[in-house]
Structure formats: structure tokens, C-alpha cells
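Engineer:
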Amino acid sequence: MKPTSKPFLIPVLGLLLLAGAGAQVSATERAGLFSLVPQGDPAYTRLKALESDGLLAPGDSKGPLTRFEMAERIFKAETKFKEVVVAQADMDLPPPPPDAGAPLPPGDNAANTANTGNASDSLSPAESLPLWKDPKKVEEAEKNLQNLQEAYDFELKLVRDQKDDLDAKLSKAEADQFDLWRSVRGITEYPSVSIHGVGRAMGIGQQYFGTYTNSFFDNTGNRQAFGYLDLEPTGSVSKELRWKGIIRLGSSFLPKTSSPSLFNALGASESPEIGSSSTFYNDFLQLRWVEAKFNPEYMSVSLGDFYEAYSPFTLWGRDSEDLFYKPEPMARWESIAKYETFMDRQPELPFRGLRIGTALGWPDSKVLESASASGFVHMIRQGFNDGGGGWYMGSNIFTDLILAGKGTIKSKKWYAGGMSWQVSADAYGIILDEPLDSTQPGSPYGQFNTATWAHQYMIGSVAPTLRVGVGDDVYLGAQYEGAFASFQDDKRNTDSTISDYAMSFGPFFQFGDSKVSLTYLNVGPNYYSPLAQTRDVAPGNTLLVGPESLNFQPMSQFFLSSVPRAGAIFGYYDRTLDNVFPYGLATPNREGFGGEIDIKTLEKKSLRIRAAAYFLDEISGNFVVNSGGTGYTGLDTTAGGEVPKRNFVYFNLGPSIDIGPGAGLSTPFVIGTNVRFEETSSVAGTLDSLWVLGGVEAGLFPGWQVGGSFGTRSFSGSEMGIGGVPTARATYLFDNTDLGQYSVFTVNGYDNQLILSTTLETGRNTKVHFDYSFDWTNELPYDGPISGTLNNEFMELTYETEF
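If you count the sequence shown from 1, position 104 lands on 148 in this note's numbering, and the numbers rise without skipping.
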């Protein structure tokens with residue numbers, strides 16, 4: 045029997061049993077209610093159907109039964125059916141009724157006048173309850189039922205009363221929801237101004253850095269104290285126009301002679317102390333962010349500063365630390381460093397300019413669900429200073445531009461074979477253009493003459509995705525991205541153009557918030573996409589931690605400062621720290637297979653497991669133009685005359701679990717680890733790098749947390765590096781700056797780090813962090829092995845408030 049037939053069958057049975065019975069019956073007629081229903085009556089068949097559907101107990105349909113017994117079973121089935129409907133609708137059952145009685149509702153049958161007297165007269169309004177909520181009154185009314193018609197009317201009245209009460213509650217909930225929606229919308233739709241922000245004050249009381257002797261305090265270094273307050277006003281002129289800004293007030297708290305280089309890196313200006321002609325302080329007031337949003341119907345416009353995200357082959361950059369689990373306070377240090385450079389919303393990156401977009405939906409379409417498109421223009425600083433010794437051309441000669449657009453189209457979900465099918469596709473296009481900057485128009489192109497450089501990048505990709513729903517929040521699918529990039533070193537010379545492609549393809553399995561994917565990756569040796577291949581900060585320097593981590597410098601010309609030549613977009617990296625993906629998935633000259641796992645499960649997603657494994661090969665050796673410009677030669681040719689072609693193995697695993705929720709604790713108790721292994725092999729040798737890191741974070745009491753971590757890195761083997769050290773960078777075919785610089789290096793080193801921290805929540809929005817770090821190593825990043833052991837110790841106190 046179909047579920048939809050059940051609510052109709054029960055009343056029909058009641059009507060069949062009551063056929064011929066009126067509202068007023070005699071005693072003889074009432075006696076007929078207890079007469080037996082003959083075997084073979086259709087009523088038994090219908091009772092059997094209710095029994096098979098689970099609404100009646102086994103055997104309830106067996107006769108002989110009186111008409112009254114049949115009515116009882118019908119009401120029993122009706123009650124059971126209502127319970128099933130409520131359970132299937134995932135609704136809470138009505139709460140238990142209170143002890144207070146309630147009057148019967150007025151009516152014209154005996155059920156409504158079953159109680160003697162007028163009960164409502166003896167109850168105050170506060171004590172008056174609907175009949176269906178008072179089991180005592182219901183029981184009294186049932187005792188006075190005269191026939192099946194009265195019983196049916198009575199049960200129907202109770203059901204209607206419950207329905208009316210539920211309707212009233214739903215109406216109130218909808219009204220409350222509308223009021224909340226109106227209040228929230230009022231923040232952005234009506235003229236308003238609000239302000240929030242963050243403030244931090246940091247200090248290093250003791251810094252030790254040097255070779256260990258008898259005391260950790262023999263070589264004292266920086267004593268720093270500095271802070272800032274970022275005010276973030278947000279306002280709305282109307283629902284179509286909103287704005288946001290970030291204003292920073294900062295100070296080093298110390299005279300310039302003792303001030304850290306940190307604030308110079310943050311753009312601090314120097315102003316003299318009032319009343320003094322010799323002492324300077326790093327105090328400044330800075331407008332860091334200005335954004336205006338205009339949102340008319342079917343359109344969006346952002347003017348000023350905004351964030352934008354494209355695909356891994358067109359815009360995404362490499363993260364600063366390749367770790368899936370980051371213990372406290374490492375994660376906090378990195379988040380502060382990214383906050384300083386506006387890189388804290390990756391894969392979204394910060395731009396300044398104009399962005400226009402639109403999003404459309406087709407609710408009545410049987411094929412298309414939505415489509416959107418947007419584009420932006422970003423102005424890069426005036427002047428030119430290419431990496432690798434380029435020339436500065438002046439402040440008023442030209443302006444570099446980034447012009448980009450993207451579109452998305454998504455189909456409706458189609459249902460077939462018990463599964464849902466959905467297709468979507470994204471398309472991206474980027475032009476990075478540099479106007480003609482030659483001081484001699486018409487002069488011949490010179491490969492190494494910056495006066496004739498006029499760059500242009502053209503990058504595009506298409507990324508379709510298929511998702512097949514096979515269960516409750518369970519999907520199978522496949523995703524693909526194919527990209528093409530063209531770089532022209534001089535727009536006046538078509539012979540200076542070089543192009544290549546990149547692609548990734550693979551299936552994925554997604555269940556809830558967890559996902560498993562496999563990928564085939566192929567990025568050509570000459571694929572150049574500056575916004576995807578520029579890493580935000582130098583990686584892996586464990587000696588730069590805490591506040592010093594803010595001194596991280598971009599690996600190459602930061603893409604928001606200039607559009608460099610293809611050879612300059614690749615910053616130098618340390619092979620012992622990062623050799624497989626120094627520039628993320630867009631690292632050129634890579635081909636192979638890989639897979640990634642991201643699992644979030646258990647209560648409050650307390651168990652998290654992220655893992656990745658890739659097996660890659662270089663597509664070709666690293667070639668550049670020879671010194672005479674007549675042909676090509678290997679950039680890192682060995683002494684035996686061979687050009688290395690490398691094989692890579694990459695493994696990264698970062699599980700963590702918060703035992704607190706499962707153990708019923710009110711504070712977190714997180715245990716995690718990260719293991720990252722890389723192996724690079726070629727005719728130049730084999731290099732192994734292993735990083736094992738473990739950490740724990742526990743809340744001793746509400747508002748007080750402690751944490752600790754220990755990590756060890758090991759590097760062993762041989763490879764090619766610049767100047768006999770681990771430094772390397774990707775190649776550009778027409779840039780031979782590094783030619784002749786590579787030679788084999790051998791390494792067998794380690795780098796260990798112990799970190800302890802404690803956090804006190806001093807208020808609802810304020811915290812105090814105390815961090816201690818001790819690092820000891822026999823190899824410096826980018827410099828290679830050292831003699832003896834280098835020790836670095838510091839203690840840091842941070843006061844942080846958010847409002």
C-alpha cells in the first residue's frame with residue numbers, strides 16, 4: 045500500500061462502519077454496536093492492510109470482531125499513523141501536558157458536553173488549556189461517548205485542535221524569522237555605520253641566537269616591543285551601496301635605535317619625537333584597505349580593494365608552509381603573518397581596482413540552474429624593477445595592468461536510476477599587460493636590454509565538473525582543468541612568444557564534509573602563470589618564528605607590485621625544504637599521478653585527517669638559451685655532461701583529533717601530527733627530506749589553554765644547487781642568468797624545534813599568549829651546512845583583542 049493511501053483509508057473505514065447511523069440513536073441501535081461483523085466483510089481486508097503496514101499489531105485483523113472493536117482498531121491505526129508521520133517529518137512530539145485541567149470546547153454533540161457543569165467558569169485564563177493537551181479531560185470525555193459517530197467526531201476534533209495549534213506556532217515562527225531577517229538586512233540595506241577590528245601588542249623579552257656555550261643567554265639579541273590597532277569601519281548608504289576600510293595606528297614603543305626591522309617591512313613611517321631632534325620612533329597612521337561595493341539588481345561592482353579567487357593554474361599561489369596539521373602557536377604565527385600581507389583568505393588573493401559581475405538563475409528551467417560572470421582590472425605600481433637585476437624605468441612612464449574575467453554555468457540536477465546528476469563548468473581568462481616602455485620606439489628587440497621589454501601574458505583555462513549523487517550527501521564525480529598560457533617578452537616582436545599548456549584530471553568521492561580525489565597532473569616546461577606561480581613568503585625557515593616571521597620576504601617580485609618577466613616570477617627555494625611543488629600545483633615541468641584525502645568526522649568534526657601523495661617526473665631537462673644566443677643548453681648540466689631529468693616522490697600526512705567533545709570535556713584536548721617526506725632522484729644524485737612534527741593543545745580550565753610541539757627535519761643526499769648550496773629555481777627558456785651557477789652539493793643535516801605556549805582568555809574578546817621556542821640545527825636554510833650547532837631561543841608575549 046502506498047503511504048499516501050493511508051490517511052484516506054482510515055476515515056473510509058469509519059464511514060463504512062457508521063453507515064446508516066445517525067446523530068441520535070436508540071438503546072436498541074446502540075446495542076447493535078456490539079454485534080459481530082460477519083466474516084468475509086470487506087472491513088477485515090482493510091484491517092489486514094493496516095496490519096501489514098505496521099499500523100496494527102499482528103493478529104488485530106482476526107475475527108470475529110464487533111463493530112465497536114473494529115472502531116477501536118481504526119482509531120488505534122490512526123494514532124499510530126500520526127506518530128509515524130511526525131517521526132518521518134523529523135518533528136518533535138508535543139510536550140507532555142501539564143497537570144492542570146481544561147474545559148471542553150463548545151459543540152452540539154454529547155462529547156462536547158460530557159463534563160457536568162461549565163469547567164471553563166472554574167478556571168482562570170492562565171489555567172485554561174486546549175482539550176487535546178489535558179489527558180484527564182480527554183479520558184472523561186471518552187467515558188461519555190454514546191456511539192461511533194460521537195467517537196469519530198471527538199477524535200476528529202482533537203486532531204483539528206492539534207493542527208490549529210501547530211499552525212499558530214508555525215505562523216509565529218515565520219513572523220519571528222521575518223523580524224530577524226529584516227533586522228539583519230537592515231545592517232546593509234539602510235544607512236548605518238559599525239566598527240570592529242583587532243589589536244595586538246607583542247614583545248620579545250629575551251632573544252638568544254648563536255653557538256651554544258654554557259648559557260642560553262650569552263648572546264642576547266633583540267628586545268622588541270611593538271603594537272598596532274586596526275580599526276575596520278563598515279558602513280551602508282543604502283542596500284545597493286556599502287563600504288569598508290581598515291585604518292592602522294601602530295608604534296614600535298621603542299626608539300629607532302632599538303626598533304626592529306619588522307615595522308619597516310610593514311610600511312612604518314618615521315616621525316621625530318616631539319621636543320627632540322635626535323630620537324625617532326616608528327609611529328604611523330596608515331589606511332590599509334578601502335573597499336566600496338555597489339549591488340544593483342542582477343549586478344555587483346567592487347571598487348578599491350577586493351579579494352578574488354581563480355583556478356590553481358591561473359591565480360592560486362603556493363601556501364607558505366606545506367603542512368596539513370599546524371600546532372599552536374605555529375598556526376597562530378602564520379595567520380598573523382598572512383594577515384599583515386592580506387594573504388589570510390587563500391585561495392582568494394587581494395587586488396586593487398575595479399570588479400564587475402553578475403549572477404543569474406533560471407528557477408523555471410529544466411536544464412539550467414544558474415550562470416554568473418565577472419571581470420576585474422587591477423593596476424600594478426608605476427615604474428619597473430624586474431627581478432634578477434632589471435632596471436628601474438621611472439615613476440611616470442607606464443602602468444602595468446591585470447585584466448581578468450571568469451564565468452560559471454551550472455545545470456539543474458537530473459534524476460535517473462535513483463541517482464542525481466549535475467554538470468558545472470568554469471572558464472577563466474587573464475591578461476597581464478605592460479605598455480610599451482622602450483625609450484627608442486622602433487629599436488630592435490634586445491634579449492637582455494630592459495629598454496625593449498614590453499611583456500604580455502595571456503592565460504586561460506576551462507574546468508568542468510560532473511557530480512553524481514548516490515546517497516544522502518554522498519557524491520561521485522570527476523573534475524578536469526585544461527589551461528593554456530602564452531608569454532610574449534616583447535609585444536613588438538612575435539618571435540619572442542613562448543607558450544605551453546597545463547592540465548589536471550581525476551575522479552573524486554565526497555561524503556559530507558570529507559573528500560577523496562585522484563589526479564593526473566601535467567604542467568608543461570614553458571607554462572608561465574605569474575599569479576599562480578608566485579609564492580607569498582619564503583618557506584620553511586624555522587629560525588624565523590614568532591614576530592620575526594613577519595619579516596618573511598616574497599620569493600620573487602610580489603605580483604601586486606609588478607608583472608615581472610617570466611624568468612623573474614620564479615623565486616629561489618631550498619631543495620632540502622621543498623623540491624616537488626615549490627610553486628604549488630602550477631610548478632612547471634611536472635607530470636604524474638597523485639591523490640588527496642580530506643576527512644572530517646566524529647562529533648563536532650573532532651577527527652580530521654588530511655593526506656596527499658604524488659609520484660611525478662620532470663617532462664624534460666631544464667634548458668635555457670646559451671651564452672651566445674645561438675641555441676639551447678642544459679641549465680644544471682653535471683660534470684659528466686648529462687642534463688638531469690628528475691623523479692619525485694611526495695607524501696604528506698596530517699591527522700589530528702580533539703578528544704574533548706567525545707570525552708564530555710568543556711575544554712579542547714587536541715593531539716596531532718604531521719609527516720612530510722620528499723625524495724628527488726636523478727643523475728645528479730638522490731635527496732631525501734623528512735619533516736616529522738607533533739603537537740598537543742589542552743584546556744586546563746575554561747579560559748586557560750596550554751600547548752606544546754616538537755618537530756624534527758632531516759636532509760640527506762646530493763643534488764644540484766646554485767653556488768654549492770641547496771638553492772634552486774625553475775627555469776625560463778630565454779633567461780640564462782643562472783647558467784653556470786649550478787654544482788652538486790651534499791648534505792646530511794637536521795633541524796629541531798621545541799615550542800611551548802600558554803593562552804589566557806582575559807576577557808570575552810581578549811587573550812594573552814606567552815610563547816617559548818628553542819631551535820637547534822647544523823644547517824641553515826638557503827645557506828647549507830654549518831660547523832657546529834646553531835641555537836636560537838626566544839620568548840614572546842602577545843596581547844590580542846578583537847572587537
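In this text, a Cβ means the ideal position worked out from N, Cα and C, and glycines have one as well.
Among Phe814, Arg634, Gly639, which has the Cα closest to the Cα of lysine 559?
Structural biologist: Here residue 559 refers to the residue found at position 515 of the sequence shown. With distances taken between Cα atoms, lysine 559 lies closest to Gly639.
Engineer: Excluding the five sequence neighbours on either side, which residues of its own chain have a C-beta within less than 8 Å of the C-beta of serine 321, listed in chain order?
Structural biologist: As a first step, residue 321 must be located in the sequence shown, where it is residue number 277. Low per-residue confidence applies at serine 321: pLDDT is 33, beneath 50, and the placement is therefore not dependable, though the value from the model is reported in the following sentence. Correct list: empty, nothing qualifies.
Engineer: On a CA-only basis, which of Val669, Leu447, His240 is nearest arginine 396? Give me that one, please.
Structural biologist: Walking along the sequence shown from the start, residue 396 turns up at place 352. Nearest C-alpha to arginine 396: Leu447.
Engineer: Leaving aside the five residues before and after proline 598 along the sequence, list all residues of the same chain whose C-beta is less than 6 Å from its C-beta, in chain order.
Structural biologist: As a first step, residue 598 is located in the sequence shown; it is residue number 554 there, counting from the start. Low local confidence applies: a pLDDT of 39 at proline 598 is under 50, so the model's placement there is unreliable, with the coordinate-based value given in what follows. Within the same chain, proline 598 has no close Cβ partners at all.
Engineer: Give the secondary structure of glycine 704 by DSSP, where H, G and I count as helix, E and B as strand, and everything else as coil.
Structural biologist: On the sequence shown, position 660 is the one that residue 704 refers to. It is helical.
Engineer: Can you tell me where the beta strand (DSSP E) with leucine 824 in it begins and where it stops?
Structural biologist: For the purposes of this step, residue 824 is taken as the residue at position 780 of the sequence shown. Unbroken beta strand (DSSP E) run through leucine 824: 810-824.
Engineer: Starting from tyrosine 524, follow the beta strand (DSSP E) in both directions and report where the run begins and ends.
Structural biologist: The residue you call residue 524 lines up with position 480 of the sequence shown. 518-532 is the extent of the beta strand (DSSP E) around tyrosine 524.
Engineer: With a threshold of 7 Å on Cβ separation, who are the neighbours of glycine 767 within its own chain once the five nearest residues in sequence on each side are excluded?
Structural biologist: Counted from its first residue, the sequence shown places residue 767 at position 723. Excluding residues within five positions, the ones whose Cβ falls inside 7 Å are Gln785.
Engineer: Whose CA, out of Glu372, Leu660, Gly451, Ile641, lies closest to the CA of threonine 402?
Structural biologist: Locating residue 402 in the sequence shown gives position 358, counting from the first residue. Threonine 402 has its Cα closest to that of Gly451, out of Glu372, Leu660, Gly451, Ile641.
Engineer: Unbroken beta strand (DSSP E) runs of length 3 or more, entirely within the segment 656-694: which are they?
Structural biologist: With a minimum length of 3 residues, the continuous beta strand (DSSP E) runs that stay inside the segment 656-694 are 667-669, 676-678.
Engineer: Any idea what DSSP makes of isoleucine 613, helix, strand or coil?
Structural biologist: Numbered from 1 along the sequence shown, position 569 holds the residue referred to as residue 613. Reduced to three states, the DSSP call for isoleucine 613 is coil.
Engineer: Using the rule of at least 16 other Cβ atoms within 10 Å of the residue's Cβ for burial, across every protein chain shown, is glutamate 183 buried or exposed?
Structural biologist: Taking the sequence shown and counting its residues from 1, one reaches residue 183 at position 139. That one is exposed.
Engineer: Nearest by alpha-carbon distance to methionine 547: which of Ala630, Gly513, Gly615 is it?
Structural biologist: In the sequence shown, the residue the question calls residue 547 occupies position 503. Cα-wise, what sits closest to methionine 547 is Ala630.
Engineer: If you compare alpha carbons, which of Thr845, Gln797, Leu804 is closest to asparagine 836?
Structural biologist: Counting from 1 along the sequence shown, the entry for residue 836 is found at position 792. The residue with the shortest Cα to Cα distance from asparagine 836 is Gln797.
Engineer: Does the segment 705-718 come close enough to the segment 667-676 to have 3 or more Cβ pairs within less than 8 Å?
Structural biologist: Short answer: they don't touch.
Engineer: On the DSSP bridge assignment, give the partners of tryptophan 458 in chain order.
Structural biologist: Working through the sequence shown from its first residue, we reach residue 458 at position 414. Partner(s): Trp465.
Engineer: Reducing DSSP to helix, strand and coil, say where leucine 210 ends up.
Structural biologist: Along the sequence shown, read from residue 1 onward, the residue named residue 210 stands at position 166. Of the three classes helix, strand and coil, the one that applies to leucine 210 here is helix, per DSSP.
Engineer: Which residues does DSSP pair with leucine 852 in a beta bridge?
Structural biologist: As shown, the chain starts at 45 and ends at 847. That puts residue 852 outside it, with no answer to give.
Engineer: Compare the C-alpha of leucine 734 against each of Gly568, Gly755, Phe745 and name the closest.
Structural biologist: Locating residue 734 in the sequence shown gives position 690, where the first residue counts as 1. Nearest of Gly568, Gly755, Phe745 to leucine 734, Cα basis: Gly755.
Engineer: Does the segment 738-757 come close enough to the segment 364-376 that 3 or more CB-CB pairs lie under 8 Å?
Structural biologist: Taking 8 Å as the limit for Cβ pairs, the verdict is that the segment 738-757 does touch the segment 364-376.
Engineer: For alanine 121, tell me which candidate among Ser96, Leu109, Arg536 has the shortest Cα-Cα distance.
Structural biologist: In the sequence shown, residue 121 corresponds to position 77, counting from 1. Considering only alpha carbons, the answer is Ser96.
Engineer: In chain order, what residues of the same chain lie with their CB nearer than 6 Å to the CB of methionine 502, ignoring the 5 residues before and after it?
Structural biologist: Indexing the sequence shown from 1 puts residue 502 at position 458. If we look at methionine 502 and ignore the five residues flanking it on each side, its Cβ neighbours are Ile475, Ser530.
Engineer: How is threonine 538 classed by DSSP in three states: helix, strand or coil?
Structural biologist: Taking the sequence shown and counting its residues from 1, the one referred to as residue 538 is at position 494. Note: threonine 538 maps to helix in three-state DSSP.
Engineer: Please look up how many angstroms separate the CB atoms of leucine 834 and threonine 821, rounded, as I've assumed it's under 8 Å.
Structural biologist: Numbered from its first residue, the sequence shown carries residue 834 at position 790. Numbered from its first residue, the sequence shown carries residue 821 at position 777. Contact flag correct, Cβ pair sits at about 6 Å.
Engineer: Under DSSP, the alpha helix (DSSP H) around leucine 94 begins and ends at which residues?
Structural biologist: Reading the sequence shown from its first residue, position 50 is the one you call residue 94. That run of the alpha helix (DSSP H) goes 86-96.
Engineer: Please report the residue range of the beta strand (DSSP E) in which methionine 502 lies.
Structural biologist: Position 458 of the sequence shown, counting from 1, holds the residue named residue 502. Taken as a continuous stretch (DSSP letters only), the beta strand (DSSP E) holding methionine 502 covers 500-515.
Engineer: Taking its Cβ as the centre, do 16 or more other Cβ atoms sit within 10 Å of aspartate 517, making it buried, or is it exposed?
Structural biologist: To locate residue 517, count along the sequence shown from 1; it is residue 473. By the 10 Å Cβ count, aspartate 517 comes out exposed.
Engineer: Using CA coordinates, which residue listed in Leu293, Glu635, Phe328, Lys337 is at the minimum distance from serine 282?
Structural biologist: Numbered from 1 along the sequence shown, position 238 holds the residue referred to as residue 282. Of Leu293, Glu635, Phe328, Lys337, the residue nearest in Cα terms is Lys337.
Engineer: Give a yes or no on whether the C-beta atoms belonging to threonine 803 and proline 746 are separated by under 8 Å.
Structural biologist: Residue mapping note: residue 803 aligns to position 759 of the sequence shown, counting from 1. Residue mapping note: residue 746 aligns to position 702 of the sequence shown, counting from 1. Cβ atoms of threonine 803 and proline 746: not closer than 8 Å.
Engineer: Taking tyrosine 616 as the reference, which of Tyr627, Arg609, Val607, Pro608 has the closest Cα?
Structural biologist: The residue you call residue 616 lines up with position 572 of the sequence shown. Checking every option, the nearest Cα to that of tyrosine 616 belongs to Tyr627.
Engineer: So, for phenylalanine 614: in the same chain, excluding its five sequence neighbours on each side, which residues have a beta-carbon less than 7 Å away from its beta-carbon?
Structural biologist: As a position in the sequence shown, residue 614 is number 570, starting the count at 1. Result list for phenylalanine 614: Gln577, Ser600, Tyr627, Arg773, Ala774, in chain order.
Engineer: Using the Cα positions of tryptophan 360 and alanine 507, report the straight-line distance between them to the nearest angstrom.
Structural biologist: Along the sequence shown, one-based indexing puts residue 360 at 316. Along the sequence shown, one-based indexing puts residue 507 at 463. Distance between the alpha carbons of tryptophan 360 and alanine 507 is about 14 Å.
Engineer: Can you tell me whether phenylalanine 778 is helix, strand or coil according to DSSP?
Structural biologist: Numbered from its first residue, the sequence shown carries residue 778 at position 734. Three-state DSSP puts phenylalanine 778 in coil, outside helix and strand.
Engineer: How many whole angstroms separate the CB atoms of glycine 708 and glutamate 647, which I take to be in contact at a CB cut-off of 8 Å?
Structural biologist: Residue mapping note: residue 708 aligns to position 664 of the sequence shown, counting from 1. Residue mapping note: residue 647 aligns to position 603 of the sequence shown, counting from 1. Between glutamate 647 and glycine 708 the Cβ distance is about 10 Å, and since that is not below 8 Å, they are no contact.
Engineer: From glutamate 199 to leucine 520, what does the alpha carbon distance come to, in whole angstroms?
Structural biologist: Walking along the sequence shown from the start, residue 199 turns up at place 155. Walking along the sequence shown from the start, residue 520 turns up at place 476. Approximately 49 Å, taken between the alpha carbons.
Engineer: For tyrosine 843, report the span of its beta strand (DSSP E) as first-last.
Structural biologist: Taking the first residue of the sequence shown as position 1, residue 843 is located at position 799. Per DSSP, tyrosine 843 belongs to the beta strand (DSSP E) from 828-846.
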